[in-house]
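Visitor: In the working numbering, the protein residues as written are 18 to 461.
Right, I'll just put the structure down here and ask away after.
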Amino acid sequence: MTASQPRSPRLIVRHFLAMGMALVIGALTLPLPAHAQQNAQPPADNDALPVEDVQTFAEVFERIKRTYVDEVDDTTLMRNAIRGMLGELDPHSAYLDKDDFEALRETTEGEFSGVGIEVGMQEGQLTIIAPLDDTPAARAGLQAQDRILRIDDTPTESMSLQEAVDMMRGDEGEDIRLTIMREGEDAPRNVTLTRETIQTESVKHELLAPGYGYLRISQFQSRTGEQARDAIAALREEGDGDLKGLVLDLRNNPGGVLDSAVDVADLFLDSGLIVYTEGRLPDSDMRFSASTQTSAPDVPMVVLINGGSASAAEIVAGALQDQQRAVLMGTESFGKGSVQQVLPLNNGDGLKLTTALYYTPDGRSIQAQGIAPDVDVVRGRLEVAEGSGLSIREADLENHLRNINGERERTERESSLAESDYQLGEALNLLKALNVLPRAQSGD
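In structure tokens, the structure reads:
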């Protein structure tokens with residue numbers, strides 16, 4: 018991906034000269050000679066800087082330099098101006114210095130020091146998109162859509178997204194206090210977390226019942242497609258080569274690498290479009306299609322999504338839904354349908370810039386809309402009323418008659434994970450129904 022580089026200060030100065038404007042150096046404003054103003058011609062291209070707006074910028078720059086309560090150097094002002102310019106575009110565009118570059122690399126490769134949450138801006142408030150599995154944030158019970166009001170003693174009200182991320186990262190072992198406001202609660206709560214090295218394994222798997230697999234993807238890292246392929250092979254092996262159904266869990270998956278999302282969708286599709294992107298630049302228009310080699314092209318599937326499923330997770334869910342390859346279950350997804358490119362700058366820093374929107378195979382843009390599941394299932398918990406006796410089974414009674422297949426019955430009961438997670442249990446029930454229906458229709 019290529020893009021035009023932003024003008025350097027020297028180029029801006031030359032542009033000012035060509036347009037007959039005042040030359041701005043630091044806090045000084047020097048008018049151009051009259052003959053220079055008369056001879057200066059505006060550029061012929063359509064990318065000319067607007068004269069009045071640049072004059073206003075120069076005036077504000079100068080007044081800050083002269084009158085702000087603390088002295089601020091030129092470099093800091095320019096960097097802040099750039100960050101402000103990007104921050105007003107959308108929540109995902111940002112200026113990346115060298116430390117930010119390193120942080121982005123760590124997140125993509127799956128290791129960083131922090132508390133383990135993906136955050137974004139919603140209605141001007143710092144909001145949790147998803148807590149990452151097996152991290153301090155997940156263990157503390159933080160949830161998608163929780164609003165972060167304070168980080169330690171600093172209000173987040175006027176904080177940029179990058180500033181918030183920087184504050185939440187830190188050295189392993191250090192504590193951080195977040196003030197959280199959750200929908201439906203009357204007052205905010207304080208949560209103290211201890212930073213640790215987050216080594217995220219993006220893929221987990223287990224058998225929910227004989228022949229029924231569970232594949233959990235917590236985020237899309239550079240090796241997620243390969244890990245998911247290995248997990249499916251392991252599920253087949255654990256099920257003695259038989260895989261009757263698969264639950265793909267994308268809940269609270271904040272996204273990640275676009276290519277990895279394509280790789281995962283390709284595991285279940287043997288043809289057709291997965292996703293395409295459209296932007297202003299010709300090389301922003303890309304199309305990704307499935308290959309003929311797949312790991313599980315015919316296995317019945319249920320995909321779990323919720324409000325924390327974003328970006329790359331929505332690419333996978335949208336592709337499988339549009340191609341009628343899987344049933345989507347859960348609640349509406351987050352709705353991040355934009356693509357960011359990291360563009361290097363001449364000074365060694367970088368620019369994370371939204372350059373395109375992505376679309377599902379049927380041409381749906383889910384930007385700020387989200388993907389609606391085929392089956393709405395709100396996350397909940399089944400509890401047995403005390404004293405109801407419903408938790409006792411014949412096998413629990415003393416001196417019960419033994420079944421000659423008793424050991425098999427015990428091993429074939431559903432995993433505790435499916436029993437404790439209502440949405441997952443419903444997904445498993447649906448998969449079993451999908452397998453029973455063809456037999457019922459054929460009269461077996």
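Ideal Cβ positions, reconstructed from N, Cα and C, are used throughout, including at glycine.
Owing to the predicted nature of the structure, the values given are computational and were not obtained by experimental measurement.
When burial is assigned at 16 or more other CB atoms within 10 Å of the CB, is Thr152 buried or exposed?
Guide: buried
Visitor: Within the chosen definition, does the region 255-263 reach the region 314-322 through at least 3 CB pairs nearer than 8 Å?
Guide: yes
Visitor: For the alpha helix (DSSP H) that Ser437 lies in, which residues bound it at each end?
Guide: From DSSP, the alpha helix (DSSP H) with Ser437 extends over Ser433 to Ser437.
Visitor: For Met176, does the three-state DSSP call read helix, strand or coil?
Guide: coil
Visitor: How about Asn270 and Ser312: are their beta carbons less than 8 Å apart?
Guide: A distance of 8 Å or more separates the beta carbons of Asn270 and Ser312.
Visitor: Going by DSSP, what residue range makes up the beta strand (DSSP E) through Val220?
Guide: Residues Val220 to Ala226.
Visitor: Return the CA-CA distance between Gln358 and Ser110, expressed in angstroms with no decimal places.
Guide: Between the alpha carbons of Gln358 and Ser110 lies a gap of roughly 9 Å.
Visitor: Would you identify the three-state DSSP class for Gln340, choosing helix, strand or coil?
Guide: coil
Visitor: Report the rounded CA-to-CA distance for Phe237 versus Asp170, giving the unit in angstroms.
Guide: 33 Å
Visitor: Quick one: using the 10 Å Cβ neighbour count with 16 as the cut-off for buried, is Arg156 buried or exposed?
Guide: So Arg156 counts as exposed.
Visitor: In angstroms, rounded to a whole number, what distance separates the CA positions of Gln216 and Phe129?
Guide: Cα-Cα distance, rounded: 7 Å.
Visitor: Counting only runs of 4+ residues fully inside the region 275-358, write out the alpha helix (DSSP H) ranges in chain order.
Guide: 275-283 and 329-339
Visitor: Quick one: what's got a C-beta closer than 6 Å to Gln310's C-beta in the same chain, skipping five residues either side?
Guide: Shown here for Gln310: not one same chain residue has a beta carbon closer than 6 Å to its own, the five before and five after excluded.
Visitor: According to the neighbour-count rule (16 or more other Cβ atoms, all chains shown, within 10 Å of its Cβ), is Tyr375 buried or exposed?
Guide: buried
Visitor: For Val208, does the three-state DSSP call read helix, strand or coil?
Guide: strand
Visitor: Does DSSP put Thr144 in a helix, a strand or coil?
Guide: strand
Visitor: Quick check on this structure: which residue in Leu149, Gly347 and Ser382 has the alpha carbon closest to the alpha carbon of Ala444?
Guide: Nearest C-alpha to Ala444 among Leu149, Gly347 and Ser382: Gly347.
Visitor: What did DSSP end up calling Gly365 once you bin it into helix, strand or coil?
Guide: In the structure shown, the three-state DSSP call for Gly365 is coil.
Visitor: Which one or two residues does DSSP pair with Gly380 in a beta bridge?
Guide: According to DSSP, Gly380 bridges with nothing at all.
Visitor: Run through DSSP, which three-state label would Ile249 get?
Guide: helix
Visitor: Assign Ala389 to one of three DSSP states: helix, strand, or coil.
Guide: It is coil, neither helix nor strand.
Visitor: How would you write the range of the alpha helix (DSSP H) that Val68 sits in, first residue to last?
Guide: Val68 to Thr84
Visitor: Could you have a look at Leu260 and say whether DSSP puts it in helix, strand or coil?
Guide: coil
Visitor: Taking the Cβ atom as the reference point for each residue, do Pro485 and Leu345 lie within a distance shorter than 8 Å?
Guide: It is not possible to answer for residue 485, since the shown part of the chain is limited to 18 through 461.
Visitor: Nearest by alpha-carbon distance to Ala226: which of Arg253, Glu174, Thr211 and Ile168 is it?
Guide: The option with the nearest alpha carbon to Ala226 is Arg253.
Visitor: Name, in chain order, the residues that DSSP records as bridge partners for Ser463.
Guide: In the structure displayed, the chain extends from 18 to 461; residue 463 sits before or after that span and is not available.
Visitor: Kindly indicate which residue of Ala336, Ala204 and Leu298 has the alpha-carbon position closest to the one of Arg373.
Guide: One detail in the question is off: residue 373 reads as Ala in this sequence, not Arg. Comparing Cα-Cα distances from Ala373 to each of Ala336, Ala204 and Leu298, the minimum goes to Leu298.
Visitor: If we call anything under 8 Å between Cβ atoms a contact, is Gly380 one with Gly352?
Guide: No, these two residues do not count as a Cβ contact at 8 Å.
Visitor: Look up Asp116 in the DSSP assignment and say whether it is helix, strand or coil.
Guide: helix
Visitor: Excluding five sequence neighbours on each side, which residues of the same chain lie with their C-beta closer than 8 Å to the C-beta of Arg186?
Guide: Once the five neighbours on either side are set aside, the close Cβ partners of Arg186 are Ala120, Phe129, Ser130, Gly131 and Arg212.
Visitor: Once the 5 residues before and after Asn207 are set aside, which same chain residues still bring their CB inside 7 Å of it?
Guide: Arg194 and Thr196
Visitor: Mind checking Ala51: buried by the 16 CB within 10 Å criterion, or exposed?
Guide: Confidence at Ala51 is low in this model, with a pLDDT of 41, below 50, so the placement of that residue is unreliable and no value is reported for it.
Visitor: Under 6 Å Cβ to Cβ from Arg164, same chain only, skipping five residues before and after it: list those, please.
Guide: Closer than 6 Å at the Cβ level, and outside the excluded window around Arg164, lie Gln142, Thr144 and Met198.
Visitor: What is the DSSP secondary structure of Ala444, counted as helix, strand or coil?
Guide: helix
Visitor: From the DSSP output, which residues share a beta bridge with Gly9?
Guide: The structure shown does not extend to residue 9, since the chain spans only 18 to 461, so no value can be given for it.
Visitor: Between the C-alpha atoms of Glu191 and Val182, what's the straight-line distance to the nearest angstrom?
Guide: Roughly 15 Å separates the two Cα atoms.
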